[in-house]
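Single-structure report; data block below.
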Amino acid sequence: SEKLLKLAASVPRESLVAPGTCFGKFTKSQKFRLSVTALDFLAPYAKVGHGRRAGPGAVPAPPAPHSSAPLLQYKVWVKPGSEQSFLYGNHVLKSGLGRITENTAQYQGVVVYSMADVPLGFGVAAKSTQECRKVDPLAIVVFHQADVGEYVRNEDTLT
Numbered sequence: 013s014e015k016l017l018k019l020a021a022s023v024p025r026e027s028l029v030a031p032g033t034c035f036g037k038f039t040k041s042q043k044f045r046l047s048v049t050a051l052d053f054l055a056p057y058a059k060v061g062h063g064r065r066a067g068p069g070a071v072p073a074p075p076a077p078h079s080s081a082p083l084l085q086y087k088v089w090v091k092p093g094s095e096q097s098f099l100y101g102n103h104v105l106k107s108g109l110g111r112i113t114e115n116t117a118q119y120q121g122v123v124v125y126s127m128a129d130v131p132l133g134f135g136v137a138a139k140s141t142q143e144c145r146k147v148d149p150l151a152i153v154v155f156h157q158a159d160v161g162e163y164v165r166n167e168d169t170l171t
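For the working numbering, count along the sequence shown from 1 and bump the result up by 12.
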C-alpha cells in the first residue's frame, strides 16, 4: 500500500530487502506455511456466492469462472459458538460447521468465515462436502492453519 511505501522510505536502502506484506515463512523442511497476514489478500478470492448447508437439499455451487482457479476458492462458515474455539487455534468440528461450499474436496484449502461473512482465518478441509453430511458431530471437518487470533497470541513474533 501507499502508506507502507512511505514508511519504507525512512529505512536506509542497504537495510531494506523489499517493502510489503509477509504471506508466510518456509519451515526447516522447506515447506511454505501461510501466515494470518495473508488472510486479507486471500479472502476476496474465495469462491463467489454463499456455501450450502452440508445436508439434504444442498444445491451445487456455481462453477469456477476459469480453469486457473485460486488456491483458496472454497468457503466454510462456522457457527457463532464455534468462532471462539477456532480463534483459539482449534480445528472446526462438524457440530460447529454452519455452511460449506458445495463440492469442496478433501484436503482442499478453505477460507473460514463467521456466519456474518467476516473472514476469521483459513485451513484445510478434513472431509469433503459429501462426507460432512454423514460424519459424527465431533469429527474434525476443517484443520486449522491460521486465524486472526494469532495477532494477539503471537504479536511479538508475527512479522
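Where is the CB? At the ideal position from N, CA and C, for every residue including glycine. All figures in this text were calculated on a predicted structure; none of them were measured in a lab.
Opening and closing residue of the alpha helix (DSSP H) in which residue i lies
{"i": "F38", "result": "Run containing F38: none in the alpha helix (DSSP H); it sits in the beta strand (DSSP E), 36-38."}
{"i": "Q142", "result": "141-144"}
First through last residue of the beta strand (DSSP E) which encompasses residue i
{"i": "K87", "result": "86-90"}
{"i": "Q118", "result": "Unbroken run through Q118: none, as it is neither H nor E."}
{"i": "D129", "result": "First-last for D129: undefined, no H or E at that position."}
{"i": "V154", "result": "152-159"}
Three-state class that DSSP yields for residue i in the structure shown
{"i": "L17", "result": "helix"}
{"i": "D52", "result": "helix"}
{"i": "T110", "result": "Sequence inspection shows Gly at residue 110; the Thr mentioned does not correspond to that position. It is a strand residue."}
{"i": "G135", "result": "strand"}
{"i": "L46", "result": "strand"}
Cβ neighbour criterion (16 or more within 10 Å) applied to residue i
{"i": "E14", "result": "exposed"}
{"i": "A55", "result": "buried"}
{"i": "S94", "result": "buried"}
{"i": "K40", "result": "exposed"}
{"i": "T33", "result": "exposed"}
{"i": "Y125", "result": "buried"}
{"i": "L19", "result": "exposed"}
{"i": "L99", "result": "buried"}
Presumed contact (8 Å Cβ cut-off) between residue i and residue j, rounded CB distance
{"i": "D159", "j": "V90", "result": "Their Cβ separation, rounded to whole angstroms, is 10 Å, which puts D159 and V90 out of contact at 8 Å."}
{"i": "V104", "j": "V136", "result": "V104 to V136, Cβ: 11 Å. No contact."}
{"i": "V122", "j": "T116", "result": "7 Å"}
{"i": "L109", "j": "V130", "result": "Wrong, their Cβ atoms sit about 16 Å apart, outside the cutoff."}
{"i": "L150", "j": "S97", "result": "Rounded, the Cβ-Cβ distance is 12 Å, inconsistent with contact."}
Any C-beta of chain D under 7 Å from that of residue i
{"i": "V122", "result": "The structure shown contains no chain D; it holds only a single protein chain."}
Practice item. Assess, as a yes-or-no matter, whether the segment 23-41 is touched by the segment 135-154 under the definition of 3 or more beta carbon pairs within less than 8 Å. Key: They do not touch, by the three-pair rule.
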